[in-house]
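Reading through the structure tokens given below for one structure.
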Amino acid sequence: MIYRFEISFADVDRGLYTDLDLRVAKHPSEDLPYLLTRVLAFAGEQQEGLAFGKGLSEPDEPALLVREGDGRVRAWIEVGSPAPERLHRASKLAERVVIYCHRRPDLLQQRCAKEKVHKAEAIRVVKVPPELIAALEPLLARNNRWDLSVNEGVTTIVCGGQVVEARLEAMPLALPPS
45 MIYRFEISFA DVDRGLYTDL DLRVAKHPSE DLPYLLTRVL AFAGEQQEGL
95 AFGKGLSEPD EPALLVREGD GRVRAWIEVG SPAPERLHRA SKLAERVVIY
145 CHRRPDLLQQ RCAKEKVHKA EAIRVVKVPP ELIAALEPLL ARNNRWDLSV
195 NEGVTTIVCG GQVVEARLEA MPLALPPS
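In our numbering, the protein residues as written are 45 to 222.
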């Protein structure tokens, strides 16, 4: 199924204002919380060259990525709880790695603490509150119109007359070695 998201995006914290018109394919094995987290990650990581990965048809690609003109990966953006080995490889390939985690980021951090993950302290984990996803899920339609803003760390989404707010907290995957 294809979902359309027309998003009027204002990130006051970064001074970034743009309109997004996204068509997001949902794989049959993908659940709605994952899809919504992908869309939130696309908005939150908005920058020139940002694109959706090829998804489950190309398991070696992340959910989102930014490539340089020469093919190098500038940003590798995952959704969910990727395996430590995947993050290890990603942090060797990309200048920047970010994970948007909508379920138990503490478990992701614990798993990765037991494995070798290259530059784990430089990998950023963005905790997407389950309450935010739960509030957005019943509002999801085939065609969606969102006003999404970020101001002083608070994400506000207006959709169909409903206002949903949450703070998406960012933390390192691991603490720097002492």
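Beta carbons: idealized from backbone N, C-alpha and C, even for Gly.
Proximity of residue i and residue j at Cβ, strictly below 8 Å
| i | j | result |
| --- | --- | --- |
| residue 145 | residue 124 | yes |
| residue 215 | residue 169 | yes |
| residue 62 | residue 172 | no |
| residue 161 | residue 217 | yes |
| residue 51 | residue 67 | no |
| residue 98 | residue 89 | no |
| residue 117 | residue 137 | yes |
| residue 122 | residue 107 | yes |
| residue 267 | residue 48 | This structure leaves residue 267 out entirely; the chain is present only between 45 and 222. |
| residue 77 | residue 181 | yes |
| residue 202 | residue 190 | yes |
| residue 53 | residue 192 | yes |
Residue environment, residue i, which counts as buried when at least 16 other CB atoms sit within 10 Å
| i | result |
| --- | --- |
| residue 196 | exposed |
| residue 219 | exposed |
| residue 42 | Beyond the ends of the chain as shown, which are 45 and 222, falls residue 42; an answer cannot be given. |
| residue 56 | exposed |
| residue 22 | In the structure as shown, the chain begins at 45 and stops at 222. Residue 22 is therefore absent and cannot be evaluated. |
| residue 153 | buried |
| residue 84 | buried |
Distance, residue j Cα to residue i Cα
| i | j | result |
| --- | --- | --- |
| residue 194 | residue 131 | 27 Å |
| residue 175 | residue 207 | 13 Å |
| residue 94 | residue 149 | 24 Å |
| residue 209 | residue 65 | 21 Å |
| residue 103 | residue 79 | 16 Å |
| residue 127 | residue 119 | 18 Å |
| residue 86 | residue 140 | 15 Å |
| residue 151 | residue 159 | 13 Å |
| residue 114 | residue 69 | 27 Å |
| residue 185 | residue 133 | 36 Å |
Three-state class that DSSP yields for residue i in the structure shown
| i | result |
| --- | --- |
| residue 192 | strand |
| residue 83 | helix |
| residue 103 | coil |
| residue 268 | An answer regarding residue 268 cannot be provided, because it is not within the stretch 45 to 222 covered by the chain. |
| residue 150 | helix |
| residue 89 | coil |
| residue 182 | helix |
| residue 70 | coil |
| residue 134 | helix |
| residue 164 | helix |
| residue 157 | helix |
| residue 219 | coil |
| residue 176 | helix |
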